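Peer 1: Below is the structure I would like to discuss, written out as structure tokens.
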Amino acid sequence: MAASSRPQSVSVYPILSVNFVGTLGFSIVLPFLVFLITRLGGNALIYGVMGATYSFFQLIGAPILGRWSDRFGRRRILLLSQLGTLASWAIFLAALLLPVLRSHGPAGRPVPRQGPGRDHRWERLGGQRLPGRHHSGG
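Plus 452 on top of the position in the sequence shown (first one is 1) and you've got my numbering.
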């Protein structure tokens, strides 16, 4: 039997690893999604819609990525898919950290909130009184 007539072996490990990363990401976010939605004022309907969004876009994106995979090659499309996943995680992380970063000053210490009755809590955390500001409680 000639070497050219032997069927070429295809590795499924890249496909399995991409599927694993996608499933792992979804299973990490889903339990915390309840807390994020309730903290932002959502209810069970919003949670259901947000949970179904991932699967809905998988339904739309899978045939498109399959067509592109046939046209441009599996490895290129898997790499593009992973770069898209990386970008989405970066956006998600930035959205989670933005409120925390905005509430801290340049030195990394919490910034006191403006308004009456809030400075006494700030002082208990070790904050300094700022000159020229009205400080209640303390």
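Backbone N, C-alpha and C fix where the C-beta goes; we use that ideal spot for every residue, glycine too. None of the values given here were measured: they were computed from a predicted structure.
(1) Do you know offhand how far S463's Cα is from G525's?
(2) Going straight from the alpha carbon of I498 to that of S533, what length do you get?
(3) Looking at C-alpha atoms only, which residue of G513, V552, M502 is the closest neighbour of G536?
(4) Within the same chain, show all residues whose beta-carbon is closer than 6 Å to that of L530, passing over the 5 residues directly before and after it, in chain order.
(5) Relative to the C-alpha of Q510, which residue among L488, G474, I543 is closest?
(6) Starting from S479, trace the alpha helix (DSSP H) both ways and give me its first and last residue.
(7) Report the three-state DSSP secondary structure of G503 (helix, strand or coil).
(8) Suppose the cutoff is 7 Å on Cβ atoms and the five residues either side in sequence are ignored; what does the same chain contact list for F472 look like?
(9) How many Å lie between G493 and L468 at the Cα?
(10) What three-state label does DSSP hand V460 in the structure shown?
(11) Give every residue of the same chain whose Cβ lies closer than 7 Å to the Cβ of I489, excluding the five residues on either side of it in the sequence, and list them in chain order.
(12) Is the beta carbon of G477 less than 8 Å from the beta carbon of W541?
(13) If you draw a straight line from the alpha carbon of L598 to that of F544, how long is it in whole angstroms?
Peer 2: The structure says:
(1) Cα to Cα, the separation comes out at about 14 Å.
(2) Distance from the CA atom of I498 to the CA atom of S533, rounded to whole angstroms, is 27 Å.
(3) G513
(4) P466, V470
(5) G474
(6) 465–491
(7) helix
(8) Excluding residues within five positions, none has a Cβ falling inside 7 Å.
(9) 37 Å
(10) Per the sequence shown, the amino acid found at residue 460 is Gln instead of Val. Here Q460 sits in coil by DSSP.
(11) I498, Y499, M502
(12) Yes, the Cβ-Cβ distance between G477 and W541 is below 8 Å.
(13) Residue 598 is absent from the structure shown; the chain starts at 453 and stops at 590.
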